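All remarks here apply to the structure that follows.
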Amino acid sequence: MSQSLLCVFLEERKMLANIIRAFKKLIERGTSASMLLVVSGLLTGCAALGLEQTKPPVSVSEVIQMTEEGVPAETIIHKMRDAKSVYRLDAAELAQLHDRGVPDPIINYMQQTYLDAVRREQSRADWNDWAMWGDYSVW
Numbered sequence: 138m139s140q141s142l143l144c145v146f147l148e149e150r151k152m153l154a155n156i157i158r159a160f161k162k163l164i165e166r167g168t169s170a171s172m173l174l175v176v177s178g179l180l181t182g183c184a185a186l187g188l189e190q191t192k193p194p195v196s197v198s199e200v201i202q203m204t205e206e207g208v209p210a211e212t213i214i215h216k217m218r219d220a221k222s223v224y225r226l227d228a229a230e231l232a233q234l235h236d237r238g239v240p241d242p243i244i245n246y247m248q249q250t251y252l253d254a255v256r257r258e259q260s261r262a263d264w265n266d267w268a269m270w271g272d273y274s275v276w
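My numbering applies: residue 138 is where the sequence shown begins, and numbers increase by one.
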């Protein structure tokens, strides 16, 4: 499973978990069935708006091929950004890309996509922890 599909799957799971939590709260409060139907329709509509069609990820081999064909670095980076590709590459793989002629701005961008993805995931995890447990810090 590609990295971007995994991210979409994880986001979908989180949205579904939030919808289930909202339903549980409404049921616990004794909300009427008609109100539950209205709320479920709104939540479903909001969840559907969060899904956008993404372009297929740009593979590392495609990056190498475009580089060999003389495609400008800015164009390659633009395609990777549009596809929201995330590249988890170790130092040896990054060095191989450099040895194959991939320009430094592309390599830097590829490395940055992974760093940004890790930061986003950590931020989401921190937010979910805070939302679940509240700010019960002891100072």
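From the three backbone atoms N, C-alpha and C, an ideal C-beta is built for every residue, glycine too. Model, not experiment: these values are computed from the prediction.
- In this structure the segment 191-198 does not lie against the segment 150-165, because fewer than three pairs of beta carbons, one per stretch, are closer than 8 Å.
- In the three-state reduction of the DSSP assignment, L234 falls in the helix class, which pools H, G and I.
- For T191, there is no enclosing alpha helix (DSSP H), as DSSP marks it with neither H nor E.
- Here V223 really is in contact with Y251; their C-beta atoms are around 6 Å apart, less than 8 Å.
- Contact annotation, E199 with G238: C-beta distance approximately 14 Å; criterion of less than 8 Å not satisfied.
- Excluding its 5 nearest sequence neighbours in each direction, D219 has C-beta neighbours in its own chain below 7 Å: K192, listed in chain order.
- In the structure shown, S260 adopts helical secondary structure according to DSSP, grouped into three states.
- In the structure shown, P242 falls within a helical segment according to DSSP collapsed to helix, strand and coil.
- Excluding sequence positions up to five before and after Y246, its CB lies within less than 7 Å of the CB of I214, M217, all in the same chain and listed in chain order.
- Each residue's CA atom was taken as its position, placing D236 and N155 some 46 Å apart.
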